[in-house]
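Undergrad: One structure is given below, represented as structure tokens, and several questions about it will come after.
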Amino acid sequence: MVTAQVSKAPPAISPISVKERIGTISTAEIISVLRGEITAVHIRQAFSIELANEITGNFARNPGLKERKDGVPGHYIGASHYQKDAATYFAEAESARPFVDAIFDNLVDPVRGLFDALKRELHNQGVELRPTRSAYGQANVCRGLRWSGTGPYALEPHDDVAQVLCAGSDYELPAVGRNTVVAANFYPNMPEQGGNLRVWSHKPTVIDRQSQGVETTGYPYSTRYLDGIPCHDFELKAGDIALIDGGFIHGVTGQSGKRDRLLLNCFFGFARPDLVLWWT
Ligand SMILES: O=C(O)CCC(=O)C(=O)O
Ligand SMILES: [Fe+2]
């Protein structure tokens, strides 16, 4: 008797290269992630605790704070294009803009600082950097997020590329999904324990996503799927910045005590050799 053996290949391991240091982020470091030369850059104490505390206070007092209703547990200010058509996303981005601006009030903040510095440097290289836009409006500089998952992950393992590839033809974004999608994360507040950013050495393909039933969302990957894949934990503190290639599976470990971890996040990537788009 012949027994058919169905063997499923384990997920391919893609080594990750990480740079971690204290100080001020440079445009060269940002561009090395953007060009796919390095997987992640973690800058400790990239902005001051005083600034971090001001931003955290502005977020907590902000009347634009809402609960997410798209299956990802958390609260937010701003707009996410995740699972939205362009008309809905850009309308939300436009109406949330005053609330996003109020997170920063009159501060000289690290998010617009990074955007402005990167725009200048890319311009010198003949590349335009701008927020993605449509007839309905344009993206904001970032969104503010507080994850509230209660299991082993405050934010379940996912990739940031599926949502970009599947954004739909009324967006400018799908072209970016063929290049590196950089997730820029700024941390104004962190819990005493947990809330690490965990990145696995695996960059799923469309076929991998199909096999996991996450083709259009990239969220969530099961712990079983990730079993045996090496990972790296970024141990974050308030004032840190972490830029990662969002094509690698990543998640946020569970937090103990007050769930007051605060993240400011945006994404950017090449849409064309002479155009980098920025969105949330
Ligand atoms: O909160 C973090 O550290 C990561 C957030 C993230 O992965 C996302 O917003 O897609
Ligand atoms: Fe992500």
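Per this note's numbering, the very first residue in the sequence shown carries number 66; after that it's consecutive.
Every residue gets a Cβ at the ideal spot worked out from N, C-alpha and C, and that includes glycine.
If you run the structure through DSSP and keep just helix, strand and coil, what is ALA77?
TA: If DSSP states are grouped into helix, strand and coil, ALA77 belongs with coil.
Undergrad: Hey, how far is the Cα of CYS331 from the Cα of TYR290?
TA: Cα-Cα distance, rounded: 27 Å.
Undergrad: Is it right to say ALA232 is buried, meaning 16 or more other beta carbons lie within 10 angstroms of its own, or is it exposed?
TA: Flag for ALA232 reads buried.
Undergrad: Report the CB separation of GLY209 from ILE168 in whole angstroms; it is logged as a contact under 8 Å.
TA: Between ILE168 and GLY209 the Cβ distance is about 5 Å, and since that is below 8 Å, they are a contact.
Undergrad: Am I right that VAL176 and CYS207 are in contact with their C-beta atoms under 8 Å? What's the rounded C-beta distance?
TA: Rounded, the Cβ-Cβ distance is 5 Å, consistent with contact.
Undergrad: Starting from the N-terminal end, write out each residue whose C-beta falls within a distance shorter than 6 Å of any non-hydrogen atom of ligand 2.
TA: So the residues near ligand 2 by this Cβ test are HIS223, ASP225, ALA248, GLY311 and HIS315.
Undergrad: Looking at VAL317 and ligand 1, is the gap between the Cβ and the nearest heavy atom below 7 Å?
TA: Result yes, Cβ under 7 Å from ligand 1.
Undergrad: Quick one: grab the DSSP three-state call for ILE96.
TA: In this structure, ILE96 counts as helix in the three-state DSSP scheme.
Undergrad: When you compare only the Cα positions, how much space is there between GLY136 and ILE108?
TA: Cα to Cα, the separation comes out at about 31 Å.
Undergrad: For ARG86, which of LEU342, GLN320, ALA307 and ARG326 has the nearest alpha-carbon?
TA: When each option's Cα is compared against that of ARG86, the closest is ALA307.
Undergrad: Under 8 Å, with one C-beta from each stretch per pair, do the stretch 308–319 and the stretch 253–266 reach the 3-pair mark?
TA: Yes: the two stretches touch, three or more of their Cβ pairs being nearer than 8 Å.
Undergrad: For the beta strand (DSSP E) holding ARG208, just list the boundary residues, first then last.
TA: From DSSP, the beta strand (DSSP E) with ARG208 extends over 208–212.
Undergrad: If contacts are defined as beta-carbon pairs under 8 Å, then LYS268 and PHE333 qualify, I think. What distance do you get, rounded to the angstrom?
TA: The pair is not a contact, with the Cβ atoms about 18 Å apart (cut-off 8 Å).
Undergrad: Is the stretch 210–227 in contact with the stretch 278–298, if contact means three or more CB pairs nearer than 8 Å?
TA: Yes, since at least three Cβ pairs between the stretch 210–227 and the stretch 278–298 fall closer than 8 Å, the two stretches touch.
Undergrad: Please name the residue in ALA182, PRO76, TYR252 and GLN190 whose C-alpha comes closest to that of TRP212.
TA: Comparing Cα positions, the closest option is TYR252.
Undergrad: Under 8 Å between the Cβ atoms of THR89 and ALA74?
TA: No, Cβ-Cβ distance for THR89 and ALA74 is not below 8 Å.
Undergrad: Quick check on the burial criterion: 16 or more other C-beta atoms within 10 angstroms. Buried or exposed for PRO222?
TA: The residue is buried, with at least 16 neighbouring Cβ atoms inside 10 Å.
Undergrad: Starting from ILE114, trace the alpha helix (DSSP H) both ways and give me its first and last residue.
TA: Counting along the chain, the alpha helix (DSSP H) containing ILE114 begins and ends at 114–125.
Undergrad: Roughly how many angstroms separate the alpha carbons of LYS149 and TYR236, rounded to a whole number?
TA: Between LYS149 and TYR236, the C-alpha separation is close to 10 Å.
Undergrad: When the Cα atoms are used, what is the spatial distance from ASN171 to GLY304?
TA: Roughly 18 Å separates the two Cα atoms.
Undergrad: How long is the line joining the alpha carbons of ILE103 and LYS84, rounded to whole angstroms?
TA: One C-alpha to the other measures close to 8 Å.
Undergrad: Is ASN254 buried or exposed, if buried means 16 or more other CB atoms sit within 10 Å of its CB?
TA: Classification of ASN254: buried, given that the 10 Å Cβ count is 16 or more.
Undergrad: DSSP state of PRO217, grouped into three classes?
TA: PRO217 falls in the coil class under three-state DSSP.
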